[in-house]
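Enquirer: Starting off with a structure, shown below.
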Amino acid sequence: MNRLYTLGVLLIGLAGAFAAAPLAVAQPSPAFIAKREAFIDQLMKRMTVQEKIGQLRLRSLEAGAHPDRAGFEKEISDGRVGGIFNTVVRPDIRVLQEAAMRSRLKIPLFFSFDVIHGQRTLFPVGLGLASTWDLDAVHTMGRISAIEASADGLNLTYSPMVDISRDPRWGRNSEGFGEDTYLTSRIGAALVKAYQGDDPSQPGHIMATVKHFALYGAVEGGRDYNTVDMSPQRMYQDYFPPYKAAIDAGAAAVMIALNSVNGEPATSDKWLLQDVLRKEWGFKGITISDHGAIMELIKHGVAADGEDAARKAVQAGTDMSMSDTIYGTNLMPLLKSGKIGMADIDRACRDVLRVKYDLGLFKDPYRNIGTAADDLPDSFAESRLHRPAAREVARESLVLLKNQGSVLPLKKAGTIALVGPLADDQVDMMGNWAGAGRASQTITLRQGIQNIVGGKVRLIYAKGSDITDDPDMVKYLNLYKNDVQVDGRSEADMVKEAVDAARQADVIVAAVGESQGMAHEASSRSDITIPPVQERLLKALKATGKPLIIVLMNGRPLALPWEAENADAMLETWFSGTEGGNAIADVLFGDMNPSGKLPVTFPRAVGQIPLYYNHLPTGRPFDPAHPDKYTSRYFDITNGPLYPFGYGLSYTNFSVSDIKLSAPTMKAGGMLKASVTVTNTGDREGATVVQLYLNQPVASISRPVQELRGFRRIDLKPGQSREVSFDITDDDLAFYNQQIKRVVEPGKFNVYVGLDSASVKATNFYRL
Ligand code: BGC
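Just so we're aligned, residue 234 is where the sequence shown starts under the numbering used here, counting upward by one.
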């Protein structure tokens, strides 16, 4: 990342009430806290029970979508709403805040939205952002999201989403940062800091909501909203840390997961919401239910009716109810009948008021809204976009999976056949959860290629196929929005056009994969290949004998055995956002040397799932060098991943030296340095990511065969070498034992360093 750019554009505002400690999250000062609590005490004394309950209600309002607009505003001016989501432009937000200012106590609303990978300018989806392994890039996305969202009048985003997932069938893989605990924790924490800064009430900042607490990414079978059943070790060791890292970074809000955890829905799980979140982790912000989740306690089978559901949720510690009427309708009768106490409501209400106070809304309810005179004439104005930064981040997010015979980068000359349903598709390039972005402002691959080599290359475009030829699938994907367009021509006609284009060209670039809606909420797939109609297109293109370059767009790891075998080159681009087409073209033509690394394992087939790099050893491990029958394996497929975690090629080559350790042993509480020298042995400048993995071969319980414990992105000129060192401390060696105690057990530790998880240098040391 160009650091100067990052700093120049993004530094806004310094701490006010919040005193920043170096390298630590800024904590509110004791004086600030005392003042805030006194203010809230006074306010709560004046509030009626109904007004307190009102604060616990989070209502959705999409532009122009409410059937009873006047009634909606009256609810607000009656003090029966605490926050709004899905209203995203200042004039609309102002009207709602004005309604709140007509209420008896003038308690301001806060305004929230799913700003997941950008607000107006879209950055790569979560998996793409994670593929950069670049915390500066993460910071850039977070800052620009906050700047654009706060300029739209928003106060809070429902991001970061840090659900670890080891199941590519789950559609929400695209939103998260992959399968690894350490990488996800670092990215989640960096995003929180970028959104909130040291003081979220400062201009250009918004509050963060870490979600979905907890374990949503572990839904059984990768089927959305399904059950989660998990051992405490795995929970504490692998799935909890990213939520905790975001909270330690200061996340003001937590969104509660829709799933149950070991039989108890998260929304009614006192252990999760109070014991773990508040007592163990010291969380002080608000908890927000997911959409309609309190009502869903009935269907989960833990509540008899709405009243029961509201009681369970509020008593468990669910502060705000998102988009259902259940708190509004049931909390008062529950209080009157003595089934809940005033303390249950007061506690939740205080959490909400505290967040509003921290946001500075009591000082200025129009903090991000301004006056009508300040309104932008056009919220979608091109001038609002941060295109150079989006292009830079997107370029870093692209992962080169294959490059046989160095077919890439392409020459800026000759004829190129550009084919595939995703080659000229603005909606899918944006990715899902596209904030308030606009498809018409998104650069497709076709436009990107034109922008870069328009005058020099003859580009023949042919769509070649639809995303899918399954009408039921199209119907499903278009249920709420008409995102998937069906061409209308026959498959044969479309393939013929593409093959004709290929025959005239020197090289084929085929943009294939999933539509953004195929890797989204409620978009679990039982088959994770490229849809068959696109595979048939690829096979027809391959038959022309022309070099075939596959540009993948997708939101989950895909099973790509045919493509991996038959493509000459393959570039994973995820859904890369507003500047996606330019960024991909930069890499295809060598203006940018690819440096992305996979944050997820790519399996060979859906039947291998779950397949993740940091698995536990078994008693009968499979050894490809000695493939015995009675070992842990599948006998009908090559074992192991198609592409391992951390993998990604470059147009240059790097070598990694043997690992040097600063000492052969480490004392309790000590520190050890592991260093390697990385050399660019090729003839192009390039960046790569040096990865540190650790393993404890003998411990009181089985420990993963390797676990990421550090990474460093470095840039090297041809012939240049750099030493990269990692500090290893007890924190990197600790794990949760059978009693769920975080311990360091003395003994041998293996150290692995490499440029992906599968090809590493190894050494070891002893922790005394
Ligand atoms: C999703 C959340 C999202 C919320 C509000 C839910 O369906 O699970 O991730 O933040 O909607 O849009």
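C-beta atoms are modelled at their ideal positions from N, C-alpha and C, and glycine is treated no differently.
Please read all numbers here as calculations on a predicted model, not as lab measurements.
Roughly how many angstroms lie between the CA atoms of Q749 and T675, to the nearest whole one?
Expert: Numbered from 1 along the sequence shown, position 516 holds the residue referred to as residue 749. Numbered from 1 along the sequence shown, position 442 holds the residue referred to as residue 675. Rounded to the nearest angstrom, the two C-alpha atoms are 14 Å apart.
Enquirer: What does a CB cutoff of less than 6 Å around G879 pick up in its chain, not counting 5 residues either side in sequence?
Expert: Along the sequence shown, one-based indexing puts residue 879 at 646. Around G879: K830, Q924, D989 and S990.
Enquirer: Hey, would you say S809 sits closer than 8 Å to A802, going by beta carbons?
Expert: Stepping through the sequence shown from its first residue, residue 809 is reached at position 576. Stepping through the sequence shown from its first residue, residue 802 is reached at position 569. For S809 and A802, no; Cβs fall outside 8 Å.
Enquirer: Determine, using beta carbons only, whether M528 and I489 come nearer to each other than 8 Å.
Expert: Locating residue 528 in the sequence shown gives position 295, counting from the first residue. Locating residue 489 in the sequence shown gives position 256, counting from the first residue. For M528 and I489, no; Cβs fall outside 8 Å.
Enquirer: Identify whether T996 lies in helix, strand or coil by the three-state DSSP scheme.
Expert: On the sequence shown, position 763 is the one that residue 996 refers to. Strand, per DSSP.
Enquirer: Would you kindly work out how many angstroms separate the C-alpha atoms of A254 and D431, rounded to a whole number?
Expert: As a first step, residue 254 must be located in the sequence shown, where it is residue number 21. As a first step, residue 431 must be located in the sequence shown, where it is residue number 198. Note that A254 has pLDDT 37, beneath the 50 cutoff, so the model's placement of it is unreliable and no number is given.
Enquirer: According to DSSP, what are the bridge partners of E956?
Expert: Within the sequence shown, residue 956 is the residue found at index 723, counting from 1. The partner list for E956 (beta bridge, DSSP) reads T910.
Enquirer: When the Cα atoms are used, what is the spatial distance from L256 to G778?
Expert: As a working note, residue 256 is residue 23 in the sequence shown. As a working note, residue 778 is residue 545 in the sequence shown. Here the model assigns L256 a pLDDT of 43, short of 50, so the residue's position is not dependable, and the following value carries that caveat. Going by the C-alpha atoms only, they are around 56 Å apart.
Enquirer: By DSSP, does H753 sit in helix, in strand, or in coil?
Expert: As a working mapping, residue 753 is identified with position 520 in the sequence shown. Here H753 sits in coil by DSSP.
Enquirer: Considering only heavy atoms of the ligand BGC, does any lie closer than 7 Å to the CB of F318?
Expert: One-based indexing of the sequence shown puts residue 318 at position 85. Checking the Cβ of F318 against the ligand BGC gives yes.
Enquirer: Rounded to the nearest angstrom, how far is the Cβ of A499 from that of L416, given a contact under 8 Å?
Expert: As a first step, residue 499 must be located in the sequence shown, where it is residue number 266. As a first step, residue 416 must be located in the sequence shown, where it is residue number 183. 24 Å between Cβ atoms; not a contact.
Enquirer: In whole angstroms, what is the alpha-carbon distance linking M234 and A622?
Expert: Reading the sequence shown from its first residue, position 1 is the one you call residue 234. Reading the sequence shown from its first residue, position 389 is the one you call residue 622. Model confidence at M234 stands at a pLDDT of 49, short of 50, so the residue's coordinates are unreliable; what they give is reported in the following sentence. Using only the alpha carbons, I get a separation of about 9 Å.
Enquirer: Under the assumption that S673 contacts Q659 (Cβ atoms under 8 Å), give the Cβ distance between them as a whole number of angstroms.
Expert: Locating residue 673 in the sequence shown gives position 440, counting from the first residue. Locating residue 659 in the sequence shown gives position 426, counting from the first residue. About 7 Å; that satisfies the 8 Å criterion.
Enquirer: Going along the chain, which residues of its own chain have a beta-carbon closer than 6 Å to the beta-carbon of F959, five neighbours each way excluded?
Expert: Position 726 of the sequence shown, counting from 1, holds the residue named residue 959. Within the same chain, F959 has close Cβ partners A907, L925 and G943.
Enquirer: Which partner residues of M899 appear in the DSSP bridge assignment?
Expert: Within the sequence shown, residue 899 is the residue found at index 666, counting from 1. Paired residues: R1000.
Enquirer: Could you tell me the distance, in whole angstroms, from the CA atom of V728 to the CA atom of A695?
Expert: In the sequence shown, the residue the question calls residue 728 occupies position 495. In the sequence shown, the residue the question calls residue 695 occupies position 462. Rounded to whole angstroms, V728 to A695 spans 9 Å at the Cα level.
Enquirer: According to DSSP, is V690 helix, strand or coil?
Expert: Counting from 1 along the sequence shown, the entry for residue 690 is found at position 457. Coil, per DSSP.
Enquirer: Measure from the alpha carbon of L941 to the alpha carbon of each residue in Q470, S464 and A735, then state which is nearest.
Expert: For the purposes of this step, residue 941 is taken as residue 708 along the sequence shown, with counting starting at 1. Closest option to L941, Cα to Cα, is Q470.
Enquirer: Take every Cβ of the stretch 850-870, pair it with every Cβ of the stretch 653-672, and state whether three or more of those distances are shorter than 8 Å.
Expert: No, they do not touch.
Enquirer: Leaving out five residues before and five after N319 in sequence, what residues of the same chain have Cβ atoms less than 7 Å from its Cβ?
Expert: Translated into positions along the sequence shown, residue 319 becomes position 86. Closer than 7 Å at the Cβ level, and outside the excluded window around N319, lie S293, L294, E295 and F346.
Enquirer: Look up A967 in the DSSP assignment and give the residues it is bridged to.
Expert: As a first step, residue 967 is located in the sequence shown; it is residue number 734 there, counting from the start. Note: A967 sits in no beta bridge, so no partner.
Enquirer: For H524, which residues from the same chain have a beta carbon less than 6 Å from its beta carbon, with the 5 sequence-adjacent residues on both sides left out?
Expert: One-based indexing of the sequence shown puts residue 524 at position 291. Only M555 and S556 meet the Cβ criterion.
Enquirer: Under a criterion of Cβ closer than 5 Å to any non-hydrogen atom of the ligand BGC, which residues qualify, in chain order?
Expert: Every residue passing the under-5 Å Cβ criterion appears here: D347, Y391, D523 and H524.
Enquirer: Taking the alpha carbon of A482 as the point to measure from, which residue in F516, D502, M463 and P780 has its own alpha carbon closest?
Expert: For the purposes of this step, residue 482 is taken as residue 249 along the sequence shown, with counting starting at 1. Per the Cα distances, F516.
Enquirer: Consult DSSP for K268 and reduce its assignment to one of helix, strand or coil.
Expert: Along the sequence shown, read from residue 1 onward, the residue named residue 268 stands at position 35. Of the three classes helix, strand and coil, the one that applies to K268 here is helix, per DSSP.
Enquirer: Can you tell me whether T354 is buried or exposed, with buried defined as 16 or more other CB within 10 angstroms of its CB?
Expert: Residue mapping note: residue 354 aligns to position 121 of the sequence shown, counting from 1. With 16 or more Cβ atoms within 10 Å of its Cβ, T354 is classed as buried.
Enquirer: Hey, quick one: how far does the alpha helix (DSSP H) through K545 stretch, first residue to last?
Expert: In the sequence shown, the residue the question calls residue 545 occupies position 312. Note, K545: alpha helix (DSSP H), G539 to A549.
Enquirer: Can you grab the Cα-Cα spacing for the pair R758 / L849, in whole Å?
Expert: In the sequence shown, residue 758 corresponds to position 525, counting from 1. In the sequence shown, residue 849 corresponds to position 616, counting from 1. If I take the Cα positions, the gap works out to 26 Å.
Enquirer: Could you say which of N636, I286, R376 and A650 lies nearest to L564 if we only look at CA atoms?
Expert: Reading the sequence shown from its first residue, position 331 is the one you call residue 564. Checked all of N636, I286, R376 and A650; the closest Cα to L564 is I286.
Enquirer: G454 and R402 look like a contact to me (Cβ under 8 Å); what is the Cβ gap, rounded to whole Å?
Expert: By 1-based counting over the sequence shown, the position of residue 454 is 221. By 1-based counting over the sequence shown, the position of residue 402 is 169. 7 Å between Cβ atoms; contact.
Enquirer: Let me know if E798 comes out buried or exposed under the rule of 16 or more other beta-carbons within 10 Å of its beta-carbon.
Expert: Position 565 of the sequence shown holds residue 798. Classification for E798: exposed.
Enquirer: Tell me which residues share the same chain as Y599 and place their Cβ nearer than 8 Å to its Cβ, disregarding the 5 neighbours each side in the sequence.
Expert: Along the sequence shown, read from residue 1 onward, the residue named residue 599 stands at position 366. Once the five neighbours on either side are set aside, the close Cβ partners of Y599 are R327 and Q330.
Enquirer: Step through the CB atoms of chain C and report whether any lies within less than 8 Å of the CB of I519.
Expert: In the structure shown, chain C cannot be found, because there is only a single protein chain.
Enquirer: Would you please state the rounded distance, in angstroms, between the beta carbons of G404 and S756? I believe it to be under 8 Å.
Expert: Residue mapping note: residue 404 aligns to position 171 of the sequence shown, counting from 1. Residue mapping note: residue 756 aligns to position 523 of the sequence shown, counting from 1. Their Cβ separation, rounded to whole angstroms, is 3 Å, which keeps G404 and S756 in contact under 8 Å.
Enquirer: Identify whether N983 lies in helix, strand or coil by the three-state DSSP scheme.
Expert: Translated into the one-based positions of the sequence shown, residue 983 becomes position 750. Note: N983 maps to strand in three-state DSSP.
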